[in-house]
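J.:
Protein chains: 2
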Amino acid sequence: MSISIDIKRAIYEENDTRAQAINASLRARGIFTINILGGPGAGKTSLISRLAERLGGEGFAGEALAVIEGDVASDIDTKFLRELGVEAYQIETGGDCHLNAPMIESILSKMRLKDGSWLLIENIGNLVCPAEYVIGEDLKLVVASVAEGSDKPYKYPFIFAKSAACVLTKIDLAGAVGFDEAYFRAGLAATAPLAPLLPINGRTGEGVDAVLDWLRASRARLSGA
Amino acid sequence: MSISIDIKRAIYEENDTRAQAINASLRARGIFTINILGGPGAGKTSLISRLAERLGGEGFAGEALAVIEGDVASDIDTKFLRELGVEAYQIETGGDCHLNAPMIESILSKMRLKDGSWLLIENIGNLVCPAEYVIGEDLKLVVASVAEGSDKPYKYPFIFAKSAACVLTKIDLAGAVGFDEAYFRAGLAATAPLAPLLPINGRTGEGVDAVLDWLRASRARLSGA
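These protein sequences, in sequence, are chains A and B. The numbering of the first sequence is our numbering, which starts it at 124 and goes up by one. The numbering of the second sequence is our numbering, which starts it at 124 and goes up by one.
1. Give the residues of chain A in contact with B/Phe281, contact being defined as C-beta atoms less than 9 Å apart.
2. Kindly list, in the order they appear in chain B, the residues whose Cβ is closer than 9 Å to that of A/Ile199.
3. Tell me, please, whether the CB atom of B/Lys293 is closer than 8 Å to any CB atom in chain A?
4. I think A/Ile244 touches A/Ile159, with their Cβ atoms under 8 Å apart; what is that distance to the nearest whole Å?
5. Determine the contact status of A/Ile325 and A/Leu250, defining contact as a CB-CB distance below 8 Å.
6. Return the chain-ordered ranges of every alpha helix (DSSP H) run that is complete within the segment 265-332 of chain A and spans a minimum of 4 residues.
7. Quick one, which of A/Gly330, A/Asp274, A/Leu262, A/Ser286 has its alpha-carbon nearest A/Asp295's?
8. Name the residues in the segment 237-268 of chain B whose C-beta lies less than 9 Å from a C-beta of chain A; which are they?
9. Which residues in the same chain as A/Ala211 place their Cβ atom closer than 8 Å to its Cβ, once the five residues preceding and following it in sequence are excluded?
10. Candidates B/Ser148, B/Glu176, B/Ile134, B/Arg152: which alpha carbon is nearest B/Leu335's?
11. For a quick check, are the C-beta atoms of A/Leu338 and A/Ile157 less than 8 Å apart?
12. In whole angstroms, give me the CA-to-CA distance for A/Ala343 and A/Leu207.
13. Suppose contacts are defined by Cβ-Cβ distances below 8 Å. Is A/Val265 in contact with A/Leu170 by that definition?
14. Return helix, strand or coil for A/Thr168, following the three-state DSSP convention.
15. Where does A/Ala211 fall in DSSP's three states?
16. Can you give me the C-alpha to C-alpha distance between B/Leu320 and A/Asn138, rounded to a whole angstrom?
17. Between the segment 260-275 of chain B and the segment 211-222 of chain B, do at least 3 Cβ pairs fall closer than 8 Å?
18. For B/Ile282, verify whether its CB is less than 7 Å away from any heavy atom of the ligand ATP.
19. Check whether chain A comes within 8 Å of B/Leu317, counting only Cβ atoms and requiring the distance to be less than that.
20. Could you tell me the alpha carbon to alpha carbon distance between A/Val257 and A/Ala224, rounded to whole angstroms?
21. Considering only residues of the same chain and omitting the five flanking positions on each side of A/Lys167, which have a CB-CB separation below 6 Å?
22. Taking only beta carbons into account, state which residues of the segment 156-180 of chain A come closer than 7 Å to chain B, listed in chain order.
23. Who are the near neighbours of B/Tyr146 in its chain, counting only those whose CB is closer than 6 Å to its CB and skipping five residues on each side?
24. Could you give the C-beta distance for A/Lys293 and B/Ala270, rounded to a whole number, given that I count them as a contact under 8 Å?
25. Skipping 5 residues on each side, what residues in its chain have a beta carbon closer than 6 Å to that of A/Thr314?
Pasting the structure below:
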């Protein structure tokens, strides 16, 4: 009934090989690449727009930014980001539940990407499938909103386990939804012991500076600085 | 790179055949089966618990209820429902991003299910993959929370298109998150023109009676009453 393990393994291996080549090529140009994961409406695009405000757009000294938006359908987020002045490109998968390395290869060939820049890739809104595919990133960031509930790390452990940090969004709603932060933190600690929890309010920008600080520190560690 | 269309088609056909057999067997016993879809933390379990309150548990005249909970990991929701007195059973997929007909066959063989009862199946929290698999249901219900944003029907059209109704949850947060109901309704109308929008507050139970009324009317239509 299910696809055989052998076919799955071959797909993953092929994908991993191509992802490694993408990552090597981007790192050689000093580009820092982040694979941003999260369920539908978790606040991935808001986080990206807040990071873009801080990193600056076109021409910002040394830290130019580009964004790849992955969606099953629509280019709503790309249009939104472009209106903010962000260099954004859309991948529409037409049904596929995750991005993969060939999709990224294909769009990179069409993008204007500066040496030394940041590349933020917003994956499909899905806490399951994107965990299984590397796409050339330096690290994965998982985004979860308090409105999704305190039990997400327990219910979707694989995606949390693969993420270097967890951005907790919509913290202004925590009281209204009865969010249990201690329970969430315990679940995160159990699945991703090294991943910090970075709370933000995407509507006001509260907490985003700390996310950016953490990303900059990670970038420095990755480049051996 | 991607799995060949032929393999995919064979998987779907095999699944569909088995799902039809499940549905025929359940309908022969007068059991009304609902496949409940939605992203992580959309409020599927809250909806189920509120429906369970109204349908009554064990021994309720004529409308006994059983629930199948699908999760990638954990049995948190099954424990929660059992504590409320609901006859609930867990499917843990261990990574699979959707339920399928063989999983339902397997668990049905272990369940105590009464003739004439309701069977609510909570699918994996995922707005993409579960759209592609029938699992023996009479109808699909998609659950989306206002906190996920107003654009979900545009971004995940396939799952909305296959659903007979959309339950809009967490409506008490609509103001706080700036939910644009007209935009959401237009997206739903474009993808699922016949699907009503049924707003609820799972924390208070507001709106759940209307969902139950709609489900009862659908059940009557399906049984030709």
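C-beta atoms are modelled at their ideal positions from N, C-alpha and C, and glycine is treated no differently.
T.: So, from the listed chains and residues:
1. Val195, Ala196, Gly218
2. Asp274, Tyr277, Lys278
3. yes
4. 6 Å
5. Looking at the sequence shown, residue 325 of chain A is not Ile but Gly. Result no, Cβ atoms of A/Gly325 and A/Leu250 do not sit closer than 8 Å.
6. 275-278, 280-284, 297-300, 304-314
7. A/Gly330
8. Ile247, Gly248, Asn249, Leu250, Val251, Cys252, Ala254, Glu255, Ala267, Ser268
9. Ala189, Val190, Ile191, Glu192, Asp200, Thr201, Leu204, Arg205
10. B/Glu176
11. yes
12. 28 Å
13. no
14. helix
15. strand
16. 40 Å
17. no
18. Among the components modelled here there is no ligand, and therefore nothing to report on the ligand ATP.
19. no
20. 7 Å
21. Ile159, Gly161, Glu245, Val266
22. Gly162, Pro163, Gly164
23. Before going on, a small fix: residue 146 of chain B reads as Asn here, not Tyr. Counting only Cβ-Cβ distances below 6 Å, and skipping sequence neighbours, we find Gly259.
24. 7 Å
25. Pro276, Pro280, Phe283, Ala284
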